[in-house]
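J.:
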Amino acid sequence: MMFDARERSGAALALGAVCLIGGSVAAATHLHGYPLIGGQAVRYGLATVFLLIWARIRRHTFIRPSPAQMAWVFLLAATGMAGYGVVLVYATSMTSPGNVGVALGAAPLIIVLVQSLLAQVRPSRSLMAGALCVACGSAVAQLSTGGTVQWSAQGFAWSCLALTGVCAVTLLGAPATKALGSLTAITYACALASGMLLLTAVITGSVTGTPVLRRPSGAELSALAFLALGVTMVVFLMWYGAVERLGTGRTGLFNGLIPLASLLALSVTGTATASLNQIAGAALVLIGVAFGLRVRKRDTPPPWAAAAEHVTGARPHS
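In this text, residue positions in the sequence shown follow this note's numbering: the first is 599, and each later residue adds one.
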């Protein structure tokens, strides 16, 4: 497939975002001892501050959303940000971080399957075969031979929940960013996610007696800062910049590189060493994605795109 200059820049943005997402799996392992929900509230709160500073530098004018537009932002904040942030940390504590990264690589097929279901179009045989290959790859990755992590149904389930959050970023974020522009939508969503998480942490802490926050160690502070600046602010801006240039479907394909990016990040940081099963699982995921999407010649808008534009009255904003 030939790319013009705009598409090449979109591909570069998507590739950079995927590399940072892979690093988030490694960073999440440093937060297992930190208050989970409160920590994620800090992450998205910091991201909101960074985004506001960036908007001030760019002299960006925030658009006031309509109720329908705000609904998309709320869904993005609840699932693709707040929910995903908590689930990712918990998933990496339940199973090997490499396994979580492998599971996230199934996102392209999930996105296409959801689009097919919403459009009431029967998925092709190659797509279903690819989905089966991806599922097998994610399962194989769970069979770690490291001695401390064996097959874990809970780990697999939490990895799948993390996968749901990754898919939500593309499926739910596209209407919001198209309506409001990426910077406005992401800033609103981060602020909402931080508020949701802080309120949840306070309520949970009052019931269980657990602390909402505590002073982080150096490693924890570094992980929170990386997640806030690199994996929240920068990744979301890069990802939705890629969506604007490539479309939802083709941008989603880059999620298939998350397994390799996460395993590479874990190896570079010394957080974990990739096992043979994890490498084999990542390979199966990539094969499944390539096979399942090989008949997708053109990127088509998701079935809800026209409806979302009609409801929001939106036009793309920069």
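All C-beta atoms in this analysis are idealised placements derived from N, C-alpha and C, irrespective of residue type, glycine included.
Roughly how many angstroms lie between the CA atoms of Leu781 and Gly699, to the nearest whole one?
T.: Rounded to whole angstroms, Leu781 to Gly699 spans 27 Å at the Cα level.
J.: Roughly how many angstroms separate the alpha carbons of Leu629 and Val687, rounded to a whole number?
T.: Between Leu629 and Val687, the C-alpha separation is close to 7 Å.
J.: If you compare alpha carbons, which of Ala863, Thr785, Trp756, Thr798 is closest to Leu644?
T.: The shortest C-alpha separation from Leu644 is found at Thr785.
J.: Please classify Gly807 as buried or exposed, where buried requires at least 16 neighbouring CB atoms within 10 angstroms.
T.: Gly807 should be labelled exposed.
J.: Could you give the uninterrupted runs of the alpha helix (DSSP H) lying entirely in the segment 641-702, keeping only those of 4 residues or more?
T.: Listed in chain order, the complete alpha helix (DSSP H) runs (minimum 4 residues) inside the segment 641-702 are 665-673, 682-692, 695-702.
J.: Would you mind reading off the limits of the alpha helix (DSSP H) that contains Thr802?
T.: Unbroken alpha helix (DSSP H) run through Thr802: 780-806.
J.: Using three-state DSSP, classify Gly886 as helix, strand or coil.
T.: Gly886 falls in the helix class under three-state DSSP.
J.: Considering only the beta carbon of each residue, do Gly735 and Val640 sit closer than 8 Å?
T.: Not closer than 8 Å, so no.
J.: Could you have a look at His628 and say whether DSSP puts it in helix, strand or coil?
T.: The answer is helix: DSSP assigns His628 an H, G or I state.
J.: Check each candidate in Val810, Gly779, Leu797 and name the one with the smallest Cα separation from Pro663.
T.: When only C-alpha atoms are compared, the closest one is Gly779.
J.: From Ala817 to Thr768, what does the alpha carbon distance come to, in whole angstroms?
T.: Taking the straight line joining both Cα atoms gives about 30 Å.
J.: By alpha-carbon positions, which one of Ala609, Gly839, Val719, Gly703 ends up nearest to Gly543?
T.: Residue 543 lies beyond the range of the chain shown here (599 to 916); nothing can be said about it.
J.: Could you check what DSSP says for Arg606 in three-state terms: helix, strand or coil?
T.: DSSP places Arg606 in helix when its eight states are reduced to three.
J.: Taking only runs of the alpha helix (DSSP H) that begin and end inside the segment 746-777, which ones reach a length of at least 4 residues, in chain order?
T.: For the segment 746-777, whole alpha helix (DSSP H) runs of length 4 or above, ordered along the chain, are 751-769.
J.: Do you know offhand how far Ser622's Cα is from Leu673's?
T.: So the alpha carbons of these two residues sit roughly 22 Å apart.
J.: Within the continuous alpha helix (DSSP H) that includes Gln713, where are the two ends?
T.: Looking at the DSSP string, the run of the alpha helix (DSSP H) that includes Gln713 is 705-716.
J.: To the nearest angstrom, report how far apart Arg812 and Val800 are at their CA atoms.
T.: Distance between the alpha carbons of Arg812 and Val800: 13 Å.
J.: How many whole angstroms separate the CB atoms of Ala625 and Ala821, which I take to be in contact at a CB cut-off of 8 Å?
T.: Contact holds; Cβ gap of about 4 Å.
J.: Please report the straight-line C-alpha distance between Ala766 and Gly678, rounded to a whole angstrom.
T.: Roughly 5 Å separates the two Cα atoms.
J.: Can you grab the Cα-Cα spacing for the pair Pro633 / Val684, in whole Å?
T.: Going from the Cα of Pro633 to the Cα of Val684 covers about 10 Å.
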